[in-house]
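Structure first, commentary second.
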Amino acid sequence: MASDKFTRIVDAKKVQHRFGLLVDEHRKFDMASSRLSGVDEEETEKHMVLDDILSQLEDVKLLATAKQSATSEDKNTVEQDGVYVREMAMQTLKRRAEASKVGEVSKKKAASEGRRNSLLSTLEKEGERELALRDKELEFKRFKFESDLKQREYEREERKAEREHQLALARIESDKISTLLNAVLESR
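Heads up: the sequence shown runs through residues -1 to 186, numbered per our numbering.
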């Protein structure tokens, strides 16, 4: 978007840096203003816009961390399942080696099939438990995330209503002042 009136060259890096500075400056302003209790503040349009932008930035960061934590948890459970399967396989190999040393060839086949079936059923049960637990955790995280989003939306709406109320009061006040000034000017 080019303008003849604006001759300064701006690239994405400069814009991003300036945006970061504005956000940091506004956060410091919020921290300072929150310490001043009982003092009415005048909110400029810049502060109102930055408040909205900050709340949306926090929402985006929450979404990104939720996605990242979900993928890292999935990777961890897959790795743990792999370790468990390897351990079980090593145990069955050790048992087979011991059985072959003793010379129980016919009994070994029946026993190994029974162990294999019990191993499979154990793995299935463990997998089902893991899936149920993971589903419950994801459901809880989803519920928590949605409640946080609703809370932020409620706070955003509250701030908006407060700003509109302040603007209405400012308009009334300016109307009073202009009426008084007109009355004073007309009386002269």
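Ideal Cβ placement from N, Cα and C applies to all residues, glycine included.
Output yes or no for whether 9 Å exceeds the beta carbon distance between residue i and residue j.
i: Ser31; j: Glu153; result: no
i: Leu121; j: Met88; result: no
i: Val8; j: Ile51; result: no
i: Glu41; j: Arg161; result: yes
i: His24; j: Leu61; result: no
i: Phe4; j: Ala64; result: no
i: Leu117; j: Thr75; result: no
i: Asp57; j: Arg150; result: yes
i: Asp72; j: Gly125; result: no
i: Leu147; j: Ala68; result: no
Using a Cβ-Cβ cut-off of 6 Å (strictly less than) and excluding sequence neighbours within five positions of residue i, which residues of its own chain qualify?
i: Glu128; result: none
i: Phe138; result: none
Leaving out five residues on either side along the sequence, give the residues of the same chain with a beta carbon under 7 Å from the beta carbon of residue i.
i: Lys59; result: none
Identify, in the order they occur along the chain, each residue of the same chain with its Cβ nearer than 8 Å to the Cβ of residue i, setting aside the five sequence neighbours on each side.
i: Phe27; result: His45
Tell me, to the nearest whole angstrom, how far the beta carbon of residue i is from that of residue j; I am working on the premise that it is less than 8 Å.
i: Arg93; j: Arg113; result: 7 Å
Do residue i and the ligand COA come close, with the Cβ less than 8 Å from some heavy atom?
i: Leu48; result: This structure lacks the ligand COA, and indeed carries no ligand of any kind.
Uninterrupted alpha helix (DSSP H) stretches inside the stretch 0 to 72 (no shorter than 4 residues)
10 to 33
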